[in-house]
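> Residues -23 to -1, 1 to 79 (mature numbering (1 follows the signal peptide of the UniProt record, and there is no 0)) make up the sequence shown, in order. We treat Cβ as the ideally placed atom computed from N, Cα and C, and that holds for glycine. Quick caveat, the model's predicted, so the values are computed rather than measured. I am attaching a structure below and will ask some questions about it afterwards.
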Amino acid sequence: MLLRRKLIVFIALSTCSLSIASAQETDAARLADGCTSCHGLAGEGGSAIPPISGMDREAFIAQMAGFRDQSIPATIMNRLARGYSDAEIAALADYFSTLEAK
């Protein structure tokens, strides 16, 4: 009986963990939509817009922190970066670092 309860709890927690991971991936993709309007659908950048696909995770986080605290000059990114939490920036960094650089 105790083993059965432990198994049920394990299965429930495993299912919950998968749902959370899936939700986080969805959130990152949703967040990335805000970036792709300028940086391109795959983060490939454009003429005056730098690519962010394949960008190193830590470099992405540092760049966004610099935009947010205005230590890195920008035309618009300093205003946009202030709208993201640390967790959202980390999720974006994870997302774009996994995309193949173009």
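Under 8 angstroms, with one C-beta from each stretch per pair, do the segment 17 to 24 and the segment 53 to 66 reach the 3-pair mark?
Not touching, per the Cβ criterion.
> Rounded C-beta distance between Ala25 and Asp71? I'm assuming under 8 angstroms.
Start at 1 with the first residue of the sequence shown, and residue 25 comes out as number 48. Start at 1 with the first residue of the sequence shown, and residue 71 comes out as number 94. Contact doesn't hold; Cβ gap of about 26 angstroms is too wide.
> Can you give me the C-alpha to C-alpha distance between Asp46 and Gly23, rounded to a whole angstrom?
Stepping through the sequence shown from its first residue, residue 46 is reached at position 69. Stepping through the sequence shown from its first residue, residue 23 is reached at position 46. Near 25 angstroms, if we compare the C-alpha coordinates of Gly23 and Asp46.
> By the DSSP assignment, the alpha helix (DSSP H) with Thr52 in it spans what residues?
Within the sequence shown, the letter at position 75 stands for residue 52. Neither: Thr52 is in no alpha helix (DSSP H) and is coded neither H nor E.
> Whose C-beta lies closer than 7 angstroms to the C-beta of Leu76 among residues of the same chain, with five residues either side of it excluded?
Within the sequence shown, numbered from 1, the residue matching residue 76 stands at position 99. Within the same chain, Leu76 has close Cβ partners Ala19, Gly20, Ser30, Gly31.
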